[in-house]
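Chains as they are written, first to last, in the numbering used here: chain A, 284 to 723; chain B, 1449 to 1706. For each residue, glycine too, the CB sits at the ideal point set by N, CA and C. This report refers to the structure that appears directly beneath it.
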């Protein structure tokens, strides 16, 4: 039977599950979310922005809210804690805040780090929650707005430097049913505030779930934020994320997104310049194999003069995996003296793998320096031979070179245990003879 | 040690023959120079001995200690003690010199029945070798050849050779692109490594390097064949007269074969 044309996707069908909210702000956000969701069509691969992407892992599953999924307890959640964030950790399980696993004692007193539900009357929450997120015709953000009950809220007061990285740990448990989660984050950094935030998504079992994280960052003047995002979802999971950041004058935002897990990942980072003289990084590393699909659609919006932006997006594809990159760089008419670097480098290690890449520069100013490039290649045979001639087997040589290729992106991650953990992940990926193949 | 008999080779998948019947014998303790004009096939010979995948042996054989190298992968040849110093050393960002050398050293050591060195022992060992090529310690923590100058890359090849202690070292135009000081360092390194058990094949376009390392035997390769073999005097002659006077030799031989 043919589906009706108005495209009632699983997301739309779920609007009946949306609960009433007590707090007026939440009530407003939810109502708006449902209204927008109903106005928005679910995308298909015929839409330009969704070309190449097979959305069947979402459309063919009847996801239920995580609290109806019969979720199982997580053994050893401590295993996923970062030692540096021993007392600066906010934990969510299936998108719901877990007070017992969280620990924020080590943070400066006037800093707020906790569940957003407990801070709905905070001026920063009132000003920015759901106000920053801005994705056109996107049912996923509306879906998140319709459903989220908890979320991470980090408020860093003026001039405060947070010594320890703050871990936003998202764990996804095994469950009887396939469920969806709607993690939500709001970070507000007041002038001259400095912090490192590690956002981690981990599927602890092999089960299928859908997670739709929405992350809003507001950086006031001279605020500096490092944002590390590690996606280690289960190999059957679907991860659709919308992290968006706004920068005032002299603010610096440096983000590093590492995509390792998931059956289907769609990540849409956006950085929006609100004033002159900002600096930001939107680097990415994608390591996929088996049947994994990872799609990054980014938007770096240079609206005012004197911005420096850096985007190095590195991808390794093995087996039947498929990577998609679409990197939009906007330089608006009044945005002069922009220095923007974008490079997408793809290492395609199998015949069956697939890579689509599309740098998309739209420049309306004349005094700008934009370099961009995209390459898809295999390992250089000359490099392989060089290492072979030093006694390594061909397999080992390829492993070493793939490892070296991937390493560049994580070199800038300064939190030692995270850096180490990622090196281990890269090693595991590069040395896997044959990865476990999981299909949806 | 090395015995090459009537070796013919071409680039895999291409008709054009590059090596057209090379004969060469190298004994332990010897230093050979392989000279010739550009495109004569001398670098190809070095790469073929090391097992480069681009080339295909169509006739003849290469025996190393009596073993047919054609049957062996490049890493297996390295394990036997063959080392190629590259004309264009490859940059390997993300892998430090230290990591590469420890991996290589231990793999080769194991395959040759020697003890592996633990990181501390290996560090001591590297320190001695660094002195040999006049390099600083911080060099060990840099990524292999990444951002190195031409001279540094060449010196790194000699350093790797010193660490891996090959039985047969093939130096592919190691002298090209080196200033006099660097050339001196490289030459001194080779001289110190020279002993009765090992052998060197210096592939070079110029006689210059041979002022520093005196070869036992000099070969001239033209048109894919060794057309003349002599002692160090031959190198001097080449310096004076160039290669032209030998070109006819190549043609005559070529016609004889045809």
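Item	Value
Within 10 Å of its beta-carbon, does residue 652 of chain A have 16 or more other beta-carbons around it, so buried, or fewer, so exposed?	exposed
Using three-state DSSP, classify residue 308 of chain A as helix, strand or coil.	helix
Based on Cα-Cα distance, which residue from B/1625, B/1621, B/1612, B/1662 lies nearest to residue 1636 of chain B?	B/1662
Going by DSSP, what residues sit across from residue 458 of chain A in a beta bridge?	A/354
Below 8 Å on the Cβ atoms is my contact criterion, and I expect residue 1620 of chain B with residue 1651 of chain B to pass it. Report the Cβ-Cβ distance as a whole number of Å.	5 Å
At a Cβ cut of 9 Å, what residues of the segment 677-698 of chain A count as close to chain B, listed as they run along the chain?	677, 679, 680, 683, 684, 686, 687, 688, 689, 690, 691, 694
Report yes if the C-beta distance between residue 498 of chain A and residue 522 of chain A is below 7 Å; otherwise report no.	no
If you count every other CB in all the chains shown that lies within 10 Å of the CB of residue 1593 of chain B, and 16 or more means buried, which is it?	buried
Can you give me the C-alpha to C-alpha distance between residue 1690 of chain B and residue 610 of chain A, rounded to a whole angstrom?	57 Å
Check whether chain B comes within 7 Å of residue 669 of chain A, counting only Cβ atoms and requiring the distance to be less than that.	yes
State the start and end residues of the unbroken alpha helix (DSSP H) segment that holds residue 1576 of chain B.	1567-1580
Which stretch, first to last residue, makes up the alpha helix (DSSP H) that contains residue 408 of chain A?	406-411
Can you list, in chain order, the residues of the segment 649-665 of chain A whose Cβ is nearer than 7 Å to any Cβ on chain B?	664, 665
Looking at the secondary structure, which residues open and close the alpha helix (DSSP H) in which residue 1608 of chain B lies?	1598-1612
For residue 674 of chain A, which residues in chain B fall below 7 Å Cβ to Cβ?	1523, 1526, 1527, 1552, 1555, 1556
Count the other CB atoms, across all protein chains shown, that sit within 10 Å of the CB of residue 479 of chain A; report buried if there are 16 or more and exposed otherwise.	buried
Can you tell me where the beta strand (DSSP E) with residue 1684 of chain B in it begins and where it stops?	That residue, residue 1684 of chain B, is in no beta strand (DSSP E); its alpha helix (DSSP H) goes 1680-1689.
On the criterion of 16 or more Cβ atoms from any shown chain inside 10 Å, does residue 1688 of chain B qualify as buried, or is it exposed?	exposed
At which residue ranges does the segment 1490-1570 of chain B contain complete alpha helix (DSSP H) runs of 4 or more residues, listed in the order of the chain?	1490-1498, 1522-1528, 1545-1559
Can you pull the chain A residues whose beta carbon is under 7 Å from the beta carbon of residue 1498 of chain B, in chain order?	672
If you draw a straight line from the C-alpha of residue 1602 of chain B to the C-alpha of residue 1626 of chain B, how long is it?	8 Å
Since residue 426 of chain A is in the alpha helix (DSSP H), which residue starts that stretch and which ends it?	422-430
Going along chain A, which residues have a C-beta under 9 Å from residue 1542 of chain B?	683, 684, 686, 687, 688, 689, 690, 691, 694
Leaving out five residues before and five after residue 691 of chain A in sequence, what residues of the same chain have Cβ atoms less than 8 Å from its Cβ?	595, 597
Could you pull the DSSP bridge partners for residue 592 of chain A from this structure?	A/563, A/623
Nearest by alpha-carbon distance to residue 1471 of chain B: which of B/1686, B/1670, B/1684, B/1695 is it?	B/1670
Is there at least one Cβ from chain A nearer than 7 Å to residue 1650 of chain B's Cβ?	no
For the segment 329-340 of chain A against the segment 302-309 of chain A, do three or more pairs of beta-carbon atoms, one drawn from each stretch, fall closer than 8 Å, so that the two count as touching?	no
Any C-beta of chain A within less than 9 Å: which residues of the segment 1499-1520 of chain B qualify?	1499, 1500, 1501, 1502
For the structure I just gave you, are there three or more beta carbon pairs, one from the segment 426-435 of chain A and one from the segment 493-509 of chain A, closer than 8 Å?	yes
Put residue 1646 of chain B into one of helix, strand or coil per three-state DSSP.	coil
Between the beta-carbon of residue 582 of chain A and the beta-carbon of residue 553 of chain A, is there less than 7 Å?	yes
Going by beta-carbon coordinates alone, are residue 363 of chain A and residue 407 of chain A separated by less than 7 Å?	no
Can you give me the C-alpha to C-alpha distance between residue 1494 of chain B and residue 1532 of chain B, rounded to a whole angstrom?	7 Å
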